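Engineer:
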Amino acid sequence: MKTIRLTTAQALIKFLNQQYIQVDGQEIPFVEGVFAVFGHGNVLSIGQALEQDPGHLKVIQGKNEQGMAHAAIAFSKQMLRRKIYAVTASSGPGSANLVAAAGTALANNIPVLLLPADTFASRQPDPVLQQVEQEYSQAVTTNDALKAVSRYWDRVTRPEQLMSSLIRAFEVMTDPGKAGPATICIAQDVEGEAFDYDEKFFEKRVHYLDRKLPTDRELKGAAELIKASKKPVIVVGGGAKYSQAREILMDISERYNIPLVETQAGKSTVESTFKNNLGGLGITGTLAANKAARQADLIIGTGTRYTDFATSSKTAFNFDHAKFLNINVSRLQAYKLDAFQVVADAKITLEQLNPMLEEYTSEFGDVISELKEEWFAERDRLSKVTFSRENFTPEIKNHFSQEVLNEYADALNTEFSQTTALITINDTIDPESIIICSAGSLPGDLQRLWNTTVPNTYHLEYGYSCMGYEVSGTFGVKLADPAKEVYSFVGDGSFLMLHSEFITAIQYNQKINVLLFDNSGWGCINNLQMDHGMDSFHCEFRTHDNKILNIDYAKLAEAYGAKSYRANTIEELKAALEDAKKQEVSTLIEMKVLPKTMTDGYDSWWNVGVAEVSNKESIQKAHEFMQQKLQIVKQY
1 MKTIRLTTAQ ALIKFLNQQY IQVDGQEIPF VEGVFAVFGH GNVLSIGQAL
51 EQDPGHLKVI QGKNEQGMAH AAIAFSKQML RRKIYAVTAS SGPGSANLVA
101 AAGTALANNI PVLLLPADTF ASRQPDPVLQ QVEQEYSQAV TTNDALKAVS
151 RYWDRVTRPE QLMSSLIRAF EVMTDPGKAG PATICIAQDV EGEAFDYDEK
201 FFEKRVHYLD RKLPTDRELK GAAELIKASK KPVIVVGGGA KYSQAREILM
251 DISERYNIPL VETQAGKSTV ESTFKNNLGG LGITGTLAAN KAARQADLII
301 GTGTRYTDFA TSSKTAFNFD HAKFLNINVS RLQAYKLDAF QVVADAKITL
351 EQLNPMLEEY TSEFGDVISE LKEEWFAERD RLSKVTFSRE NFTPEIKNHF
401 SQEVLNEYAD ALNTEFSQTT ALITINDTID PESIIICSAG SLPGDLQRLW
451 NTTVPNTYHL EYGYSCMGYE VSGTFGVKLA DPAKEVYSFV GDGSFLMLHS
501 EFITAIQYNQ KINVLLFDNS GWGCINNLQM DHGMDSFHCE FRTHDNKILN
551 IDYAKLAEAY GAKSYRANTI EELKAALEDA KKQEVSTLIE MKVLPKTMTD
601 GYDSWWNVGV AEVSNKESIQ KAHEFMQQKL QIVKQY
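Note that full-length UniProt numbering has the sequence shown beginning at 1, numbered continuously upward.
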């Protein structure tokens with residue numbers, strides 16, 4: 001056996017360079033590069049290895065561990081999980097900062113390799129700087145916090161352990177049914193220790209992403225369910241996008257007159273302009289999709305996790321007569337809602353089902369086109385909603401008094417509505433541009449109102465809805481698709497939470513466009529409070545003397561080196577968007593938008609838990625309404 005003497009960190013980097021993935025006969029390197037914030041625990045080991053011989057790996061200097069990990073996650077998501085970045089962080093708080101990002105990757109089933117430095121395996125200098133201590137065990141470190149949010153987790157305390165650990169990590173990351181974050185914590189003394197590694201360990205290794213085929217039993221059962229149904233509806237989830245099932249979804253939908261409805265992860269698998277695409281389902285969905293789902297007697301879930309937003313907390317469907325058919329590479333997800341399970345690839349399954357449905361047609365008739373026309377009329381109406389200081393008549397949310405709305409208009413010097421701004425952007429930017437969002441009220445507006453005409457141009461992280469993903473994720477998407485314009489849709493609350501990788505994008509000359517919707521507060525949660533009987537309580541951004549904060553975000557972006565704009569009218573916004581297209585540097589467009597001017601729910605309900613005891617009649621009524629809704633939901 002031939003060996004090569006390397007440090008553990010050098011072996012890690014050499015191994016990453018030799019990992020490939022093959023999908024549908026196409027073979028590409030799986031690891032694109034490494035995001036790094038160096039500190040003690042990784043700079044003298046992984047940093048040294050990358051300095052000595054990075055191979056083809058690109059090394060990107062992050063500014064915040066959570067931010068750079070979110071960029072890595074967005075890159076993988078946009079690449080349909082077929083390429084990844086590794087992420088290395090220092091011991092202690094650097095590694096702890098990865099926890100939120102790991103949760104984001106886990107909830108969205110996105111592969112990413114996290115390499116947090118760990119404390120000394122020898123324990124000789126313990127407790128080292130930034131090391132936590134627990135009385136019940138010396139083996140516990142900060143990185144144990146990552147166990148709950150990792151698909152695979154391991155701690156390497158000897159150089160030779162790296163080999164089995166890496167092979168297991170890549171098996172998990174390249175399995176469509178288990179894809180998620182793989183965390184390998186390497187003790188900082190071990191990272192620099194040398195070992196005589198078998199040279200074969202560093203030979204080219206191909207991970208085959210073979211499409212899992214459905215069994216004859218699964219196909220027969222699925223076909224029987226569909227042919228026995230009168231009004232089936234197909235739920236297009238993220239798994240359908242990763243499977244690249246666009247063409248077969250459109251063919252089946254058109255041939256058998258079956259409407260498509262989308263989850264946030266599934267949106268833009270099939271473009272909005274397709275005649276049978278009724279848009280988003282559930283709490284942030286369209287009225288058209290929610291009406292179709294309510295009528296359905298068979299729900300065909302393709303690659304969906306059935307989150308509470310997609311199911312309206314399990315009130316979106318009529319459980320008295322609706323059955324469920326789930327097509328998913330994950331057995332766990334296929335079992336959801338007591339469905340008939342097809343544990344297989346979405347694209348292959350639908351292609352094999354197609355000829356088995358000959359002569360079938362649903363009983364939806366012209367209802368699909370009627371629902372779509374009804375929704376487009378509502379979208380058009382929303383695009384024209386205007387406000388004035390003299391007569392505020394908010395049609396979308398009306399919890400604030402005229403006085404408070406005037407206060408916001410005066411403080412922010414605006415009468416701009418969020419929905420008008422969003423639809424203006426949709427109509428102005430190039431159709432092939434990619435939009436990115438994650439948290440707040442914007443995901444609801446986007447799922448309802450954003451019309452996609454090009455596949456895979458809608459990038460929403462809504463499995464974890466992690467505030468701070470928006471700007472970091474946009475940088476990751478730009479790395480995945482550098483030829484396209486990318487736009488971050490972010491509220492002021494999320495922007496304040498985290499936008500560190502905006503600086504990284506500027507530093508590496510990767511142009512991103514930040515669209516900042518500033519309503520001076522956490523508007524989404526403020527709506528949640530007031531929708532359920534509370535008063536506005538600590539979700540508005542106000543000063544110590546109760547004045548509304550008015551932050552000059554455009555000036556901040558300019559200080560970073562970006563091109564910035566202020567746009568508080570349709571005309572100003574259009575001009576800013578057109579000029580931003582011409583720029584070679586990153587841009588930020590600050591829009592002051594009025595609170596309560598986002599879309600509301602359309603035939604949907606969200607179970608968020610309401611106080612059972614309260615001295616406010618409005619909260620008592622909200623709790624009573626919740627109890628009524630809970631009478632019609634399933635508990636599984």
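Backbone N, C-alpha and C fix where the C-beta goes; we use that ideal spot for every residue, glycine too.
From a predicted model like this one, the values you see are computed outputs, not experimental measurements.
1. Expressed to the nearest angstrom, what Euclidean distance is found between the alpha-carbon atoms of Cys-466 and Ser-438?
2. With a cut-off of 8 Å, do at least 3 Cβ pairs link the stretch 167 to 185 to the stretch 327 to 339?
3. Is it the case that the stretch 101 to 111 contacts the stretch 197 to 209, given that we only count it when at least three CB pairs across the two stretches are under 8 Å?
4. Going by the C-beta, is Phe-195 closer than 6 Å to any heavy atom of the ligand ZN?
5. Using CA atoms only, rank isn't needed, just tell me which of Ser-76, Pro-93, Leu-556 is closest to Gly-39.
6. Run the CB neighbour count on Asp-210, radius 10 Å, all protein chains shown included, and call it buried at 16 or more, exposed below.
7. Over the uninterrupted beta strand (DSSP E) stretch that includes Ala-117, give me the two end residues.
8. Please specify which runs of the beta strand (DSSP E), each continuous and at least 3 residues long, are wholly inside the UniProt region "Thiamine pyrophosphate binding" (441 to 521), giving them in chain order.
9. Does the stretch 472 to 479 come within contact of the stretch 69 to 80, defined as at least 3 CB pairs closer than 8 Å?
10. Excluding the 5 residues flanking Trp-375 on each side, which residues of the same chain have their C-beta closer than 6 Å to its C-beta?
11. Can you give the Cα-Cα distance for Ile-396 and Met-598, rounded to whole angstroms?
12. Would the beta-carbon of His-623 fall within 7 Å of that of Val-610?
13. With DSSP as the reference, label Lys-241 as helix, strand or coil.
14. How about the stretch 84 to 91 and the stretch 22 to 38: do they share at least three Cβ pairs that are nearer than 8 Å?
15. Does DSSP classify Cys-539 as helix, strand or coil?
16. Between Tyr-508 and the rest of its own chain, which residues show a CB-CB distance below 7 Å, the 5 nearest in sequence each way excluded?
17. Please report how far the alpha carbon of Val-490 lies from the alpha carbon of Val-471, in whole angstroms.
18. For Gln-529, which residues of its own chain have a beta-carbon under 7 Å away from its beta-carbon, when the five flanking residues on both sides are left out?
19. Kindly identify the DSSP beta-bridge partner or partners of Leu-588.
20. Ala-86 lies in the beta strand (DSSP E); which residues open and close that run?
21. Name the one or two DSSP bridge partners that Asp-154 has.
22. Using a Cβ-Cβ cutoff of less than 8 Å, which residues in the same chain neighbour Arg-389 once the five nearest sequence positions on both sides are dropped?
23. Please classify Ser-618 as buried or exposed, where buried requires at least 16 other C-beta atoms within 10 Å of its C-beta.
24. Grouping DSSP H, G and I as helix and E and B as strand, with all else coil, what is Gln-198?
25. Assign Tyr-306 to one of three DSSP states: helix, strand, or coil.
26. Quick test of your reading: Leu-460 and Pro-443, contact by CB under 8 Å. State the CB separation rounded to the nearest angstrom.
27. Short of 8 Å in beta carbon distance, which residues of its chain neighbour Pro-455, apart from the five on each side in sequence? Order them along the chain.
28. May I have the straight-line CA-CA distance separating His-544 from Asp-297, to the nearest angstrom?
29. Rounded to whole angstroms, what's the CA-CA distance from residue 638 to Leu-516? Just pull it up for me.
30. Check Ile-13 in the structure and name its three-state DSSP category.
31. Distance, Cα to Cα, Ser-441 vs Gly-521?
32. Just how far apart, CA to CA, sit Leu-449 and Leu-549?
33. Contact between the stretch 601 to 609 and the stretch 307 to 323: three or more CB pairs below 8 Å?
34. Would you check if there are 3 or more beta carbon pairs closer than 8 Å linking the stretch 45 to 65 to the stretch 185 to 198?
35. Could you tell me the distance, in whole angstroms, from the CA atom of Tyr-469 to the CA atom of Lys-220?
Structural biologist: In this structure, then:
1. Whole-angstrom Cα-Cα distance: 6 Å.
2. Using a Cβ-Cβ distance cut-off of 8 Å, the stretch 167 to 185 and the stretch 327 to 339 are in contact, since at least three pairs of beta carbons, one from each stretch, lie closer than that value.
3. The answer is no - the stretch 101 to 111 does not touch the stretch 197 to 209, with fewer than three Cβ pairs under 8 Å.
4. Ligands displayed in this structure: none; no statement on the ligand ZN is therefore possible.
5. If we check each option's Cα against that of Gly-39, Pro-93 comes out closest.
6. So Asp-210 ends up on the exposed side.
7. That run of the beta strand (DSSP E) goes 112 to 118.
8. The beta strand (DSSP E) runs lying completely inside the UniProt region "Thiamine pyrophosphate binding" (441 to 521) and spanning 3 residues or more are 458 to 460, 486 to 491, 513 to 518, given in chain order.
9. Short answer: they touch.
10. So the list reads Thr-286, Leu-287, Ala-288, once near-sequence residues are dropped.
11. Unreliable positioning characterises Ile-396 in this predicted model, as indicated by a pLDDT of 48, which lies under 50. The coordinate reading is nonetheless provided below. Each residue's alpha carbon lies about 6 Å from the other.
12. Cβ distance < 7 Å, so His-623 and Val-610 count as in contact.
13. In the structure shown, the three-state DSSP call for Lys-241 is helix.
14. Per the Cβ contact rule, the stretch 84 to 91 is in contact with the stretch 22 to 38 (3 or more Cβ pairs under 8 Å).
15. Secondary structure of Cys-539 (DSSP, three-state): coil.
16. Take Tyr-508, set aside five residues on each side of it, and the residues of its chain with a beta-carbon closer than 7 Å to its own are Ile-60, in chain order.
17. Spanning the alpha carbons of Val-490 and Val-471 requires a straight line of approximately 7 Å.
18. Cβ within range, chain order: Ser-536, Phe-537, Cys-539.
19. DSSP output for Leu-588 lists Val-514, Ser-564 as bridge partner(s).
20. Residues 84 to 89.
21. DSSP output for Asp-154 lists Ile-184 as bridge partner(s).
22. Cβ within range, chain order: Asn-406, Ala-409, Asp-410, Glu-415.
23. So Ser-618 counts as exposed.
24. Position check: residue 198 holds Asp in this sequence, whereas Gln was assumed. It is a strand residue.
25. Here Tyr-306 sits in coil by DSSP.
26. Confirmed, about 6 Å.
27. Leaving aside the five residues that flank Pro-455 on each side, the residues in its chain whose CB is nearer than 8 Å to its CB run, in chain order, Arg-246, Ser-268, Thr-269, Val-270, Glu-271.
28. Those two C-alpha atoms are separated by around 55 Å.
29. Given that the chain is displayed from residue 1 to residue 636, the structure contains no residue 638 and the question cannot be resolved.
30. DSSP places Ile-13 within a helical segment (H, G or I) once states are collapsed to three.
31. So the two alpha carbons sit approximately 11 Å from each other.
32. Computed Cα separation, rounded: 29 Å.
33. As far as the Cβ criterion goes, the stretch 601 to 609 touches the stretch 307 to 323, which means the pair count is three or higher.
34. In short, these stretches touch, since the Cβ pair count reaches three.
35. Rounded to the nearest whole angstrom, the CA to CA distance from Tyr-469 to Lys-220 is 42 Å.
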